[in-house]
Amino acid sequence: MSTSDIAASGSGTMFSRRSLEASSPRYGEKAIYVFLALCALLSVVVTSSIVVSLLLPTIDFFRQVSLSSFFLDTVWAPRQATGRFGVWPIVVGTLNIVIWALLVAIPIGLASAIYLAEYASTRVRRIVKPILEILAGIPTVAIGLFAFLFLRPAAERALPFLEWSSLFSVGVAGVAVGLMIVPLVASISDDAMRAVPRALREGGYGLGANKLKVSLRIVFPGAISGIVASIVLAGSRAVGETMVVLIAAGRTPNLTFNPTQSVQTMTAYIGGTATGDIPTGTLDYDTLFAVGTLLFVMTLALNVLAIRLVQRFREAYE
Amino acid sequence: MMPLSGGTRLAAAGARAVTEDSLRNTNRADRATSAIFLALLLLGVGVAMMGLAAILIWALVEGAPRLGIELLTNGPSTVRPEQAGFRTSIIGSLMVVGGVLVLIVPIGVGAAIYLEEYADRNRWWNRLIELNIQNLAGVPSIVFGILGLAFIVRGPLSLGFVAVAGSLTLALLVLPTVIIASREAIRAVPPSIREGSLALGATRWQTVRRQVLPAALPGVLTGVILSIARATGEAAPLLLVGAVTFVTFDPDFFTGAYSTLPVQIYNYSSRPQAEFRVLAIAGVTVMLGLVLLMNSFAVWLRNRYEQSW
Numbered sequence: 038m039s040t041s042d043i044a045a046s047g048s049g050t051m052f053s054r055r056s057l058e059a060s061s062p063r064y065g066e067k068a069i070y071v072f073l074a075l076c077a078l079l080s081v082v083v084t085s086s087i088v089v090s091l092l093l094p095t096i097d098f099f100r101q102v103s104l105s106s107f108f109l110d111t112v113w114a115p116r117q118a119t120g121r122f123g124v125w126p127i128v129v130g131t132l133n134i135v136i137w138a139l140l141v142a143i144p145i146g147l148a149s150a151i152y153l154a155e156y157a158s159t160r161v162r163r164i165v166k167p168i169l170e171i172l173a174g175i176p177t178v179a180i181g182l183f184a185f186l187f188l189r190p191a192a193e194r195a196l197p198f199l200e201w202s203s204l205f206s207v208g209v210a211g212v213a214v215g216l217m218i219v220p221l222v223a224s225i226s227d228d229a230m231r232a233v234p235r236a237l238r239e240g241g242y243g244l245g246a247n248k249l250k251v252s253l254r255i256v257f258p259g260a261i262s263g264i265v266a267s268i269v270l271a272g273s274r275a276v277g278e279t280m281v282v283l284i285a286a287g288r289t290p291n292l293t294f295n296p297t298q299s300v301q302t303m304t305a306y307i308g309g310t311a312t313g314d315i316p317t318g319t320l321d322y323d324t325l326f327a328v329g330t331l332l333f334v335m336t337l338a339l340n341v342l343a344i345r346l347v348q349r350f351r352e353a354y355e
Numbered sequence: 018m019m020p021l022s023g024g025t026r027l028a029a030a031g032a033r034a035v036t037e038d039s040l041r042n043t044n045r046a047d048r049a050t051s052a053i054f055l056a057l058l059l060l061g062v063g064v065a066m067m068g069l070a071a072i073l074i075w076a077l078v079e080g081a082p083r084l085g086i087e088l089l090t091n092g093p094s095t096v097r098p099e100q101a102g103f104r105t106s107i108i109g110s111l112m113v114v115g116g117v118l119v120l121i122v123p124i125g126v127g128a129a130i131y132l133e134e135y136a137d138r139n140r141w142w143n144r145l146i147e148l149n150i151q152n153l154a155g156v157p158s159i160v161f162g163i164l165g166l167a168f169i170v171r172g173p174l175s176l177g178f179v180a181v182a183g184s185l186t187l188a189l190l191v192l193p194t195v196i197i198a199s200r201e202a203i204r205a206v207p208p209s210i211r212e213g214s215l216a217l218g219a220t221r222w223q224t225v226r227r228q229v230l231p232a233a234l235p236g237v238l239t240g241v242i243l244s245i246a247r248a249t250g251e252a253a254p255l256l257l258v259g260a261v262t263f264v265t266f267d268p269d270f271f272t273g274a275y276s277t278l279p280v281q282i283y284n285y286s287s288r289p290q291a292e293f294r295v296l297a298i299a300g301v302t303v304m305l306g307l308v309l310l311m312n313s314f315a316v317w318l319r320n321r322y323e324q325s326w
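Line by line, the protein sequences give chains A and B.
In this text, residue positions in the first sequence follow our numbering: the first is 38, and each later residue adds one.
In this text, residue positions in the second sequence follow our numbering: the first is 18, and each later residue adds one.
Given below as structure tokens:
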């Protein structure tokens with residue numbers, strides 16, 4: 038649609054067309070349109086820049102390090118003289134965080150969502166929802182410190198039979214990340230469940246089902262794509278989380294699933310390594326971007342999946 | 018009722034009692050499961066709330082020994098934790114976040130207006146922009162740090178490790194949030210208002226400027242405040258664009274080293290001495306205070322102006 042079409046479409050073109058035509062060319066309107074379109078276009082520029090800025094050094098990286106030593110080796114020691122670039126330890130580190138985070142966030146988030154959507158009165162809802170939003174707004178540095186200085190010692194006291202040999206603990210960091218993503222799971226699942234039409238609930242009640250059955254057998258399955266989307270998005274957030282992991286899980290590349298050990302995640306590697314002034318074009322610099330690319334691809338895949346799922350529940354009921 | 022023999026009457030009464038009892042029993046079992054279920058739901062909500070409360074109380078209690086005005090006015094120090102403060106990083110945060118605000122309001126609201134008021138959904142490029150913004154909103158913050166390092170600090174813009182590079186990086190990070198929130202607010206303005214304005218002879222921009230934007234303002238403002246709160250607490254991307262340096266003098270926006278409050282907190286927390294940890298927690302208390310103030314204001318604003326047309 039061209040600008041003049043847009044300017045005219047509001048006033049309608051049903052009667053004699055000439056008399057309704059704008060009396061001046063309205064350059065101001067056109068300039069504003071161009072400015073607004075550029076603002077929107079910036080997002081595409083940003084995405085392209087991200088892809089370009091990640092890809093170029095990544096290509097350089099794979100000129101020096103073979104694909105097989107990146108994906109098949111199991112030792113991650115990129116900054117040593119005899120550098121080993123097996124990415125598995127930091128991928129597994131990230132996986133550790135995601136598993137612990139989802140173990141916490143799924144039950145708590147879904148319980149909160151079902152409660153908010155089906156059980157809470159409007160008054161309770163008006164109090165609980167903002168509190169969850171405030172939890173979502175807590176800076177990750179604060180959550181990381183809380184995990185490192187409070188949760189980690191508390192966990193040692195509560196579970197003394199585990200072997201707490203490190204100051205850092207991937208399990209504790211994962212639980213803290215889980216707490217952080219509870220609001221995400223809760224709010225998207227809550228939206229999805231509220232989008233389930235009232236008539237379906239009333240049908241259930243009419244057949245004699247109680248609230249529990251309506252919630253679990255009608256609303257929950259009806260909202261399942263949104264609920265899965267919320268979990269996928271939460272997983273993506275956990276993959277990308279940096280500060281909590283950097284502070285509470287440490288920086289030791291460790292191929293382990295032991296929750297009391299320190300691990301390095303992909304994000305912690307990037308955040309922990311890039312703080313110095315690494316010269317452009319060195320292998321250290323390129324390694325950052327190679328890991329960044331892997332991280333970007335993983336989160337992008339999860340996000341695209343989640344967006345698809347959300348669209349599905351929107352289409353089903355709206 | 019039919020006259021019945023004693024035995025029949027007894028049998029009938031027994032049958033009745035058993036049936037009633039079994040019905041009541043299923044009822045009771047149902048009620049018990051329902052109660053347990055509700056208890057589990059409440060437990061979930063309770064744990065989330067307790068988590069939030071625990072963080073706030075922990076920060077206040079553990080940081081208390083250092084809370085005071087000198088925490089804000091003293092500069093940082095690597096050797097005397099008992100006197101060190103957050104002066105330079107607070108100034109750095111104000112600069113960086115101020116820059117973010119100046120950048121995201123026109124660009125974010127502009128993009129939202131374009132997508133809601135001007136863009137034709139049937140064109141592939143508009144759908145591309147829309148999908149793109151949704152995806153950008155999910156890109157991890159550290160990846161924006163990589164972008165900032167490659168394109169803003171070095172590469173095309175080559176600004177170096179300065180506060181304005183931090184501002185640009187964080188602005189790109191929160192832009193999708195501002196756009197999505199503003200679109201939501203603009204979409205909530207009913208079409209009849211636009212149609213009325215256009216029918217009276219206003220141009221498209223006059224309609225947007227005088228009718229749509231004022232009506233959508235509280236919603237837009239909510240989105241902006243939430244984004245600013247996020248930028249205030251964000252540390253990860255700033256690690257890559259230079260905010261980790263230890264700055265002992267007041268920073269400048271365009272030249273020289275800078276740090277921000279969350280990055281300085283991270284910096285202190287990674288030192289082994291206990292005094293530095295108390296200092297870091299006191300910093301967390303200050304940061305939480307700021308961020309919670311902004312978030313609560315945004316939530317209040319939204320509830321206050323929740324409008325039904």
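Yeah, the Cβ is synthetic: ideal placement off N, Cα and C, and Gly gets one too.
Since we're looking at a predicted model, the values are computed, not measured.
With a threshold of 8 Å between beta carbons, B/M304 makes contact with chain A. Using a Cβ-Cβ cut-off of 8 Å, B/I146 is close to A77, L78, S80, V81 of chain A, given in chain order. In terms of CA proximity to B/E292, B/G80 leads the group B/A253, B/P157, B/G80. Across the structure, A/A179 and A/I255 are spaced so that their CA atoms are roughly 39 Å apart. In this structure, DSSP gives A/W201 a state outside helix and strand, which the three-state scheme calls coil. The beta carbons of B/V113 and B/T277 sit closer together than 8 Å. Contact check for B/P268 and B/G250: beta-carbon distance about 19 Å, past the 8 Å limit, so the pair fails to qualify.
Taking 9 Å as the upper bound on Cβ-Cβ separation, chain B lies near residues L78, L79, S80, V81, V83, T84, S86, I87, V89, S90, L91, L93, P94 of the region 78 to 111 of chain A. The Cβ atoms of A/V269 and A/L221 do not sit closer than 8 Å to each other.
Assignment of A/F122 by DSSP, reduced to helix, strand and coil, places it in the strand class. Contact annotation, A/I69 with B/W222: C-beta distance approximately 5 Å; criterion of less than 8 Å satisfied. Listed along chain B, the residues sitting closer than 9 Å to A/N340 by beta-carbon distance are Q151, N152, A154, G155, V156. At least one CB of chain B lies nearer than 8 Å to the CB of A/V219.
Excluding five sequence positions before and after A/T95, the CB atoms of its chain that fall closer than 6 Å to its own CB belong to F326, A327, T330, given in chain order. For B/V64, at least one C-beta of chain A is nearer than 8 Å to its own C-beta. DSSP, read as helix, strand or coil, puts B/A56 in helix.
Taking one beta carbon from each stretch, the region 133 to 147 of chain A and the region 266 to 283 of chain A have 3 or more pairs nearer than 8 Å; the two touch. In summary, B/W75 is buried, with 16 or more beta-carbon neighbours lying within 10 Å of its beta-carbon over all protein chains present. Restricting attention to A/K248, A/V300, A/P296, the CA atom closest to the CA of B/F54 is found in A/K248.
Residue state for A/A114 is assigned as strand, using DSSP reduced to three classes. Its Cα nearest to that of A/V282, the residue A/A210 stands out among A/L320, A/A210, A/P258.
With a beta-carbon spacing of about 14 Å, B/P193 and A/G277 fall beyond the 8 Å limit used to define contacts. In the DSSP assignment, B/N91 falls outside any alpha helix (DSSP H) and carries neither an H nor an E. Residue A/A260 holds the alpha-carbon nearest to the alpha-carbon of A/R351 among A/D321, A/A260, A/N295. Look at B/F263: its C-beta is not under 8 Å from any C-beta on chain A. Around the Cβ of A/L216, a 10 Å sphere holds 16 or more other Cβ atoms; the residue is buried.
Listed by position along chain B, the residues whose Cβ is nearer than 7 Å to that of A/T336 are G155, V156, P157.
Here A/T297 really is in contact with A/E200; their C-beta atoms are around 6 Å apart, less than 8 Å.
Look at the region 218 to 252 of chain A: the residues with a C-beta under 7 Å from a C-beta of chain B are V219, N247, K248, L249. Counting only runs that start and end inside the region 158 to 199 of chain B, the alpha helix (DSSP H) elements of at least 4 residues fall at 158 to 164. The DSSP assignment places complete alpha helix (DSSP H) segments of no fewer than 4 residues inside the region 142 to 212 of chain A at 159 to 173, 177 to 183, 189 to 195, in order along the chain.
Measuring C-alpha to C-alpha distances from B/E201 to each of B/A248, B/A128, B/G31 identifies B/A128 as the nearest.
Neighbours of A/P197 in chain B, taken as residues at a C-beta separation under 8 Å, are lacking, since the least C-beta distance is about 21 Å. Under the Cβ distance rule, A/I255 does not count among the residues neighbouring chain B, no pair being separated by less than 8 Å.
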